[in-house]
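Peer 1:
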Amino acid sequence: MLHAEVHQTEGLTFVARGPSNHWVVLDTSESGGGHGAGSNPMELVLMALGGCTGMDIVSILAKMKESYSGFRVELSGERAEEPPRRFTRIFVDYYLTSDTVLTDNVVKAIRLSAEKYCSVGGTLAPGVAMVHKYHIIRGTGEETGEVV
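Read left to right, the sequence shown gives residues 1 to 148 (full-length UniProt numbering).
#1: In three-state DSSP terms, what is Ser-59?
#2: CB-CB under 6 Å to Glu-146, same chain, minus the five flanking residues each way: which ones, in chain order?
#3: In the DSSP output, which residue or residues are listed as bridge partners for residue 158?
#4: To which residues does DSSP link Asp-104 through a beta bridge?
#5: Quick one, are the C-beta atoms of Val-24 and Ala-16 less than 7 Å apart?
#6: In chain order, what residues of the same chain lie with their CB nearer than 6 Å to the CB of Ala-109, ignoring the 5 residues before and after it?
#7: Considering Val-120, what are the terminal residues of the beta strand (DSSP E) in which it resides?
#8: Using the beta-carbon count (16 or more within 10 Å), is Thr-28 buried or exposed?
#9: According to DSSP, Tyr-68 sits in a beta bridge with which residue or residues?
#10: Can you tell me the Cβ-Cβ gap for Asp-104 and Glu-74, rounded? I've got them flagged as a contact below 8 Å.
#11: Quick check on this structure: which residue in Tyr-117, Pro-19 and Arg-138 has the alpha carbon closest to the alpha carbon of Tyr-68?
#12: With a threshold of 8 Å on Cβ separation, who are the neighbours of His-135 within its own chain once the five nearest residues in sequence on each side are excluded?
#13: Could you have a look at Gly-18 and say whether DSSP puts it in helix, strand or coil?
#14: Of the residues Met-1, Ile-90, Thr-100 and Leu-2, which one's Cα is nearest the Cα of Ser-76?
Here's what the structure looks like:
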């Protein structure tokens, strides 16, 4: 069982840590009653998903012996209007810079992460629609596609 602790520091500012023993600051904006001293919890959900799937993709592409010079994941989420204002849809965009990477391998890596390996995505997926897109930046231009 994974364990985390969350402590209030002042007002709506909290610090949290898990088994890695690294502290994370959680807060909200000043207009929302916080101090703007850290990321809000919903931002952290997107960051956790991006980190989880990003680690999967990098590991899978390394096993495929694919090379690239840059990789990033950009995420955005649509939220319900009414409380609890959960995510209803999350867009995950993968950006890979490479002139040699095979598109089929990128698609396969994304599918494996989305359907099998990413535990954060697996936790969110039953109730949140996910849209995964790849962007391969090549010297000849950008190749883009959606992975279903």
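C-beta atoms are modelled at their ideal positions from N, C-alpha and C, and glycine is treated no differently.
Peer 2: Answer, in terms of the structure:
#1: Three-state result, Ser-59: helix.
#2: Closer than 6 Å at Cβ, skipping near neighbours: Lys-133.
#3: No answer is possible for residue 158: it lies beyond the span of the chain, which begins at 1 and ends at 148.
#4: Beta-bridge pairing links Asp-104 to no other residue.
#5: Contact flag set, yes.
#6: So the list reads Ile-57, Ile-60 and Leu-61, once near-sequence residues are dropped.
#7: Looking at the DSSP string, Val-120 is not in any beta strand (DSSP E); the run it does join, the alpha helix (DSSP H), is 119 to 124.
#8: Thr-28 is classed as buried because its beta carbon has at least 16 other beta carbons within 10 Å across all chains shown.
#9: Tyr-68 is not bridged to any residue.
#10: About 22 Å separates the Cβ atoms of Asp-104 and Glu-74, ruling out a contact at the 8 Å cut-off.
#11: Taking only the C-alpha atoms, the option nearest Tyr-68 is Arg-138.
#12: Asp-93, Tyr-94, Tyr-95, Leu-96, Glu-142, Glu-143 and Thr-144.
#13: Correct three-state label for Gly-18: coil.
#14: That would be Ile-90, whose Cα lies nearest to the Cα of Ser-76.
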